[in-house]
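This report refers to the structure that appears directly beneath it.
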Amino acid sequence: MICHDKIELWIYKKVRNSDFPKIFRDELTTLQVNLGYKCNQACSHCHVDAGPNRLEMMDINTIKLIPKFIDLYNVKCLDLTGGAPELHDYFRYLIEEASQRGIRVIDRCNLTILSEPGQEDLGSFLAKYKVIVVASLPCYMEDNVDKQRGKGVFNKSINGLKELNSLGYGKENSNLELNLVYNPIGAALAPPQIALEENYRKILFKEYGIVFSSLYTITNMPINRFATSLKTSGKLDDYNKLLRDSYNKNNLKEVMCRSLISVDWKGEIYDCDFNQQLGLRVKDHNLNLNSLVKLKQNLKGKEITVGNHCYGCTAGAGSSCSGQLT
Numbered sequence: 012m013i014c015h016d017k018i019e020l021w022i023y024k025k026v027r028n029s030d031f032p033k034i035f036r037d038e039l040t041t042l043q044v045n046l047g048y049k050c051n052q053a054c055s056h057c058h059v060d061a062g063p064n065r066l067e068m069m070d071i072n073t074i075k076l077i078p079k080f081i082d083l084y085n086v087k088c089l090d091l092t093g094g095a096p097e098l099h100d101y102f103r104y105l106i107e108e109a110s111q112r113g114i115r116v117i118d119r120c121n122l123t124i125l126s127e128p129g130q131e132d133l134g135s136f137l138a139k140y141k142v143i144v145v146a147s148l149p150c151y152m153e154d155n156v157d158k159q160r161g162k163g164v165f166n167k168s169i170n171g172l173k174e175l176n177s178l179g180y181g182k183e184n185s186n187l188e189l190n191l192v193y194n195p196i197g198a199a200l201a202p203p204q205i206a207l208e209e210n211y212r213k214i215l216f217k218e219y220g221i222v223f224s225s226l227y228t229i230t231n232m233p234i235n236r237f238a239t240s241l242k243t244s245g246k247l248d249d250y251n252k253l254l255r256d257s258y259n260k261n262n263l264k265e266v267m268c269r270s271l272i273s274v275d276w277k278g279e280i281y282d283c284d285f286n287q288q289l290g291l292r293v294k295d296h297n298l299n300l301n302s303l304v305k306l307k308q309n310l311k312g313k314e315i316t317v318g319n320h321c322y323g324c325t326a327g328a329g330s331s332c333s334g335q336l337t
C-alpha cells in the first residue's frame with residue numbers, strides 16, 4: 012500500500028517544479044470565493060477534497076470583507092464555490108449583498124443540495140435574485156454519474172434540474188441561466204464542447220424533459236483526490252504527459268486566472284482555485300483579502316503563480332470555470 016502523505020508530497024513536487032510559460036494578470040473582473048470544504052457529496056474527481064466530514068468554513072469577519080472588496084475593486088462577478096457553498100450560513104447574505112450592487116452572481120451547485128433538509132426553498136431563492144446556476148452533471152447516463160459522484164446522485168441531480176426548470180431556469184427569455192458542467196470520466200480530455208452540448212440537449216430533453224442554457228466542459232485537474240487516485244493506479248505520469256503534449260499556446264490569452272482571483276475560507280488570496288488547493292500563493296505572499304481591502308492595490312500586470320497543473324487549463328481546446336476556451 013502506498014502512503015497517502017508520500018503521494019501528496021510527490022504530486023506537489025511534480026506540480027511546483029514546472030516549465031509552464033510565464034503569464035500576467037489583466038483587469039480583475041471576477042472574485043471567486045470558496046466558502047468552505049463541507050459538502051453533501053464526496054466526488055472522486057473533486058480537486059477540493061470536499062466532503063460531509065470537512066469542517067473548514069469561512070468566518071463572519073472574512074465574509075464581511077467580500078462586499079467591501081467588490082466595491083473597492085469594481086468587481087463584475089461574484090463566483091461562489093465550495094464544497095457546497097449553499098451549506099454556509101452566510102451564503103444567502105452574500106448573494107443579497109452582491110445583487111444590491113447589480114453584479115453577476117454564480118452559484119456552483121452540485122444539484123443534490125436542492126434535496127437536502129433545510130434547502131427546500133433554495134431554488135426559489137436563487138431564482139428571486141437571478142443567480143446564475145452552474146451545475147455539475149458529468150454525464151447524461153446514470154451509471155457514469157453515480158460512478159464518479161456516488162450512488163443515487165444522478166436521480167437526485169435530475170430532480171434538481173427539473174425543479175430549476177419549473178422555476179424558469181434554462182428556459183428561453185427567462186433571464187435565469189442554468190449551465191451544466193461536464194467532467195471526463197477518468198484520465199482523458201473532454202470531447203468538443205459544442206457537439207457534446209447537442210448530445211446533452213437531445214438526451215436530457217427526450218428522456219427527462221430537461222432544458223438548460225449552456226454546457227461547460229472542464230478538464231479534471233491532476234491534484235488532490237483525483238491525482239492520488241491516478242497515482243495509486245499508475246496513471247498519473249501518463250495523464251500529465253497527455254496534458255503537456257496537448258498544450259495549446261493560444262489558450263494562454265484566455266485562461267481564467269488573468270481576470271479572476273480566488274479566495275479560500277481563511278481569506279487568503281490565490282490566482283485560481285486550483286492553486287488554492289495546492290497551497291500555491293500569489294507571488295506577493297503578504298496579500299490577503301483583509302490587506303487588499305485596507306489598502307487598494309493595482310493587480311493588473313502582476314505575474315501569476317503557475318505549475319505543471321496549468322497544462323490542464325491549456326490542453327486541447329482549453330478549460331476554465333466557464334468551459335472550453337477556444
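Following our numbering, the numbering of the sequence shown begins with 12 at its first residue and continues without gaps.
Here a beta-carbon is modelled for each residue, glycine too, at the ideal position from N, C-alpha and C.
Asked, Found
"For Phe165, three-class secondary structure by DSSP", "helix"
"Neighbourhood of Asn166 by C-beta distance below 6 Å, restricted to the same chain and skipping five residues each side", "none"
"Cα-Cα separation between Phe285 and Ile234, rounded to whole angstroms", "8 Å"
"Closest by C-alpha distance to Glu183, when choosing among Ile196, Ile124 and Ser225", "Ser225"
"Whole-number beta carbon distance between Thr316 and Lys294, since they are thought to touch under 8 Å", "6 Å"
"Given 8 Å, three or more beta-carbon pairs between the segment 208-215 and the segment 303-316", "no"
"Proximity to Val142 [Cα-Cα], best of Leu91, Pro202, Gly245 and Phe31", "Leu91"
"Status (buried if at least 16 other CB within 10 Å, exposed otherwise) for His99", "buried"
"Residue interval of the beta strand (DSSP E) (run including Val192)", "Leu189 to Tyr193"
"Member of Ile34, Thr41, Phe35 and Pro32 whose CA lies at the smallest distance from the CA of Ile272", "Thr41"
"Span separating the alpha-carbon of Ala206 from that of Cys332", "19 Å"
"Pair within 8 Å by beta-carbon distance, Tyr193 and Thr228", "yes"
"Outcome for Pro108 when other beta-carbon atoms lying within 10 angstroms are tallied against a minimum of 16", "The question names Pro, but residue 108 in the sequence shown is Glu. Its Cβ being crowded by 16 or more others within 10 Å, Glu108 is buried."
"DSSP beta-bridge partners of Phe35", "Glu314"
"DSSP three-state assignment for Asn235, whether helix, strand or coil", "helix"
"Per DSSP, the bridge partner or partners of Glu279", "Asn299"
"Own chain residues within Cβ distance below 6 Å of Glu127, not counting five before or after", "Asn51"
"Proximity below 8 Å, CB of Gly93 to CB of Asn45", "yes"
"Cβ separation of Val145 and Asn190, assumed to be a contact under 8 Å, to the nearest whole Å", "5 Å"
"Pairwise C-alpha distance: Tyr48 and Ala138", "25 Å"
"Within 8 Å, strictly: CB atoms of Asn259 and Gly327", "yes"
"Of the residues Lys313, Lys277 and Ile81, the one placed nearest Glu67, counting alpha carbons only", "Lys277"
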